Every structure is written in structure tokens, then in C-alpha cells.
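Chemist: Take this structure, written in C-alpha cells, and hold onto it; I'll ask about it next.
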Amino acid sequence: MSQRVFSLTNEDETVALGRQLSALITPPLTLYLTGDLGAGKTTFSRGLIQSLGHQGAVKSPTYTLVEPYELPSMRVFHFDLYRLMDPEELEFMGIRDYFSDDCLCIVEWPDRGHGLLPEADVHLHIDYMEEGRTLRMDAITSKGKILIEQLK
Numbered sequence: 016m017s018q019r020v021f022s023l024t025n026e027d028e029t030v031a032l033g034r035q036l037s038a039l040i041t042p043p044l045t046l047y048l049t050g051d052l053g054a055g056k057t058t059f060s061r062g063l064i065q066s067l068g069h070q071g072a073v074k075s076p077t078y079t080l081v082e083p084y085e086l087p088s089m090r091v092f093h094f095d096l097y098r099l100m101d102p103e104e105l106e107f108m109g110i111r112d113y114f115s116d117d118c119l120c121i122v123e124w125p126d127r128g129h130g131l132l133p134e135a136d137v138h139l140h141i142d143y144m145e146e147g148r149t150l151r152m153d154a155i156t157s158k159g160k161i162l163i164e165q166l167k
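Numbering (our numbering), first residue to last: 16 to 167.
Put into C-alpha cells, the structure is as follows:
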């Protein structure tokens with residue numbers, strides 16, 4: 016498994032890392048984002064999704080579970096499973112249909128959907144530090160390994 020660790024001192028650096036990763040993404044790709052509430056998962060996602068071409072706000076899909084973004088080069092599905100009560104709810108929403116060959120799927124709180132989500136290509140974990148955050152990227156698949164090795 017390949018791993019990269021980034022120190023992020025503020026929100027702008029978190030958004031910038033999302034932008035940097037977006038330049039390397041080709042679907043299909045699945046990203047897991049974990050970390051405490053307010054750690055910066057949605058901030059990172061915003062930088063990534065807007066850099067892929069989305070015009071407008073990127074909000075946390077905490078209440079809707081998923082926010083879709085139809086972009087020229089791919090479809091992006093941003094999941095936030097924090098409020099998921101039972102993983103079986105994902106079956107009712109047709110979770111498998113979202114993970115197709117032309118999609119980037121970003122999943123916050125993936126542990127809540129355990130057993131029903133496909134394996135991540137890259138798992139990103141954000142931790143609070145005394146000042147700023149640490150973002151650790153772990154490559155789970157060979158595609159994920161190539162992706163994070165290309166980051167500067």
C-alpha cells in the first residue's frame with residue numbers, strides 16, 4: 016500500500032489539495048473520506064469538484080445522502096453517510112448504480128455503509144492538529160497508488 020501525508024495549515028490549502036488531485040482523476044474512481052466532524056472532508060471535496068468544472072456551491076449532502084454533479088468529463092456523486100441509520104438504506108437508493116465506469120464517487124463516513132460500498136481506490140483521512148490538519152492518503156488499489164504517486 017502506498018501512502019502520502021500532507022500538512023494543511025488552513026482551508027485554502029485543503030481546497031488547493033483537492034484541486035491538485037482533480038487534475039489527475041479519471042473515472043471510474045472511488046474516494047473514501049474519513050475524519051471527525053468539521054475536519055475538512057467537504058472542504059476538500061469542494062476544491063476537487065469545482066476544479067473538475069462544477070460552477071457553484073458544493074454543499075455537504077448530510078441530509079440528502081448524495082449530491083450528483085453532471086460534468087462534461089464525468090459524473091460525480093458526493094455521498095455523506097453520517098446520518099445513515101442502517102446500511103440497508105443504501106440498497107433502497109440503488110447504491111450500486113452510482114458506481115459506474117464514468118463516475119467519480121466521493122464517500123464521507125464510508126464506515127456507515129460497510130458491506131454495501133465498493134472498495135475505495137484511495138482512502139483520505141483528515142486529522143485535527145494543534146494548528147491546521149493532517150491529510151493522509153492511502154492507496155487501496157493499483158489505480159489509487161498511481162494517482163497518489165503523481166501528486167506533487
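All C-beta atoms, glycine included, are put in the ideal place defined by N, C-alpha and C.
Please read all numbers here as calculations on a predicted model, not as lab measurements.
Apart from the five residues on each side of it in sequence, which residues of its chain come closer than 6 Å, Cβ to Cβ, to residue 89?
Modeler: Result list for residue 89: 42, 117 and 119, in chain order.
Chemist: Report the three-state DSSP secondary structure of residue 73 (helix, strand or coil).
Modeler: In the structure shown, residue 73 sits in coil (DSSP, three-state: anything other than H, G, I, E or B).
Chemist: Buried or exposed: which applies to residue 56, given that a residue is buried once 16 or more other Cβ atoms fall within 10 Å of its Cβ?
Modeler: That one is buried.
Chemist: Using 8 Å for Cβ pairs, my map puts residue 123 next to residue 142. What's the rounded Cβ distance?
Modeler: Contact doesn't hold; Cβ gap of about 15 Å is too wide.
Chemist: Does DSSP classify residue 136 as helix, strand or coil?
Modeler: In the structure shown, residue 136 sits in coil (DSSP, three-state: anything other than H, G, I, E or B).
Chemist: Suppose only complete runs of 3+ residues qualify. What are the beta strand (DSSP E) ranges in the region 77 to 151, listed by chain order?
Modeler: DSSP runs (the beta strand (DSSP E)) wholly in the region 77 to 151: 81 to 85, 90 to 95, 118 to 123 and 137 to 143.
Chemist: Quick one: measure Cβ to Cβ for residue 102 and residue 71, integer angstroms, because I've assumed they're closer than 8 Å.
Modeler: That belief does not hold up - the Cβ atoms of residue 102 and residue 71 are roughly 31 Å apart, past 8 Å.
Chemist: What does a CB cutoff of less than 6 Å around residue 160 pick up in its chain, not counting 5 residues either side in sequence?
Modeler: Only 17 and 154 meet the Cβ criterion.
Chemist: Starting from residue 159, trace the alpha helix (DSSP H) in both directions and tell me its first and last residue.
Modeler: Looking at the DSSP string, the run of the alpha helix (DSSP H) that includes residue 159 is 157 to 165.
Chemist: May I ask you to check if the CB of residue 166 is nearer than 8 Å to at least one heavy atom of the ligand ZN?
Modeler: Summarising the ligand content, the structure contains no ligands, and the ligand ZN is consequently not present.
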